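K.L.:
Numbering (our numbering), first residue to last: 16 to 175.
Backbone N, C-alpha and C define an ideal beta-carbon position, used for all residues, glycine too.
As the structure is a computational prediction, the values presented were derived from the model and not from experiment.
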Amino acid sequence: MNPSFEVFRKQISNPLKFRLFLLQRLPSAFFCGLKIRSFDQHQSVIGVRYSWFSQNPFRSMYFAVQSMAAEMSTGILGFAQIYQRKPSVSMLVLKVEGSFLKKATGFILFTCTDGDKITAAIEQSLTTGQAQTVVCKSVGTNEQQEVVAEFFVTWTFKAK
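Set out below in structure tokens:
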């Protein structure tokens with residue numbers, strides 16, 4: 016585990032600091048209202064509410080807003096593991112696949128439990144110097160615990 020993981024987790028878990036992080040690094044996520052519900056080295060949960068700003072013409076959440084929350088639930092796990100790491104590690108989305116299983120309205124939570132896979136890929140890249148890819152799953156559920164969307168985000172990590 017990255018020694019700076021806990022520093023990043025504490026900073027990003029503060030609602031004000033998280034909003035400033037979004038405004039600086041991911042302004043569209045800021046305006047859509049993404050929120051961290053929980054976050055540790057093993058999993059993250061990102062929430063987003065259906066609203067006027069996140070709507071589509073069919074009275075449900077726009078697919079791009081769902082994709083943004085799903086990607087963040089996977090990406091924050093990787094970002095925390097490379098935060099202030101020496102030697103540095105780059106990360107990049109290689110591919111995103113999504114399935115929309117039910118109309119997304121209300122408050123949707125996207126959960127990724129692939130933190131250990133991400134950590135292993137980063138450690139492998141640091142050991143070998145080769146780029147490593149990892150496919151992370153993010154599941155979106157509504158307030159009734161029904162699955163509304165499922166995403167697979169493929170990340171690549173490479174030690175610099």
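Measuring CB to CB, does L38 end up less than 7 Å from A44?
P.N.:
In the sequence shown, the residue the question calls residue 38 occupies position 23. In the sequence shown, the residue the question calls residue 44 occupies position 29. No, the pair does not count as a contact, with Cβ atoms beyond the cut-off.
K.L.:
Grab the span of the beta strand (DSSP E) containing F122 for me, first residue to last.
P.N.:
Counting from one through the sequence shown, the residue named residue 122 turns up at place 107. Element bounds for F122: 122-127.
K.L.:
Given a cut-off of 7 Å on the beta-carbon distance, is the pair Y98 and S19 in contact?
P.N.:
Your numbering for residue 98 matches position 83 in the sequence shown. Your numbering for residue 19 matches position 4 in the sequence shown. Contact flag set, yes.
K.L.:
Compute the beta-carbon to beta-carbon distance between Q81 and I51, rounded to the nearest angstrom, for a pair I have assumed lies under 8 Å.
P.N.:
Translated into the one-based positions of the sequence shown, residue 81 becomes position 66. Translated into the one-based positions of the sequence shown, residue 51 becomes position 36. The Cβ separation is near 16 Å, so there is no contact.
K.L.:
What separation, rounded to the nearest whole angstrom, lies between the Cα atoms of F166 and E112?
P.N.:
One-based indexing of the sequence shown puts residue 166 at position 151. One-based indexing of the sequence shown puts residue 112 at position 97. Taking the straight line joining both Cα atoms gives about 6 Å.
K.L.:
Measure the CB-CB distance between T169 and K110 and report whether it falls below 7 Å.
P.N.:
Residue mapping note: residue 169 aligns to position 154 of the sequence shown, counting from 1. Residue mapping note: residue 110 aligns to position 95 of the sequence shown, counting from 1. Taking 7 Å as the Cβ cut-off, T169 and K110 qualify as a contacting pair.
K.L.:
Are the beta-carbon atoms belonging to T89 and C127 less than 7 Å from one another?
P.N.:
As a working mapping, residue 89 is identified with position 74 in the sequence shown. As a working mapping, residue 127 is identified with position 112 in the sequence shown. Going by C-beta atoms, T89 is nearer than 7 Å to C127.
K.L.:
According to the Cβ coordinates, are S75 and K118 closer than 7 Å?
P.N.:
For this step, residue 75 is matched to residue 60 along the sequence shown. For this step, residue 118 is matched to residue 103 along the sequence shown. Yes; because the gap between Cβ atoms is below 7 Å, this pair is in contact.
K.L.:
On the three-state DSSP scale, how would you describe E138?
P.N.:
On the sequence shown, residue 138 is found 123 positions in, with the first residue counted as 1. If DSSP states are grouped into helix, strand and coil, E138 belongs with the helices.
K.L.:
So which of T134, T120, V104, S69 has the shortest CA-CA distance to L92?
P.N.:
One-based indexing of the sequence shown puts residue 92 at position 77. Comparing Cα-Cα distances from L92 to each of T134, T120, V104, S69, the minimum goes to T134.
K.L.:
Does the distance from the C-beta atom of Q56 to that of M87 stay below 7 Å?
P.N.:
As a first step, residue 56 must be located in the sequence shown, where it is residue number 41. As a first step, residue 87 must be located in the sequence shown, where it is residue number 72. Contact flag unset, no.
K.L.:
Cβ of K132 within 7 Å of Cβ of V149?
P.N.:
Within the sequence shown, residue 132 is the residue found at index 117, counting from 1. Within the sequence shown, residue 149 is the residue found at index 134, counting from 1. Yes.
K.L.:
Could you tell me how far apart the beta carbons of A164 and S114 are, in whole angstroms, since I believe they sit closer than 8 Å?
P.N.:
Here residue 164 refers to the residue found at position 149 when the sequence shown is read from its first residue. Here residue 114 refers to the residue found at position 99 when the sequence shown is read from its first residue. The Cβ separation is near 7 Å, so the contact holds.
K.L.:
Tell me the residue span of the beta strand (DSSP E) that contains A174.
P.N.:
Counting from 1 along the sequence shown, the entry for residue 174 is found at position 159. Run containing A174: 162-174, per the beta strand (DSSP E) assignment.
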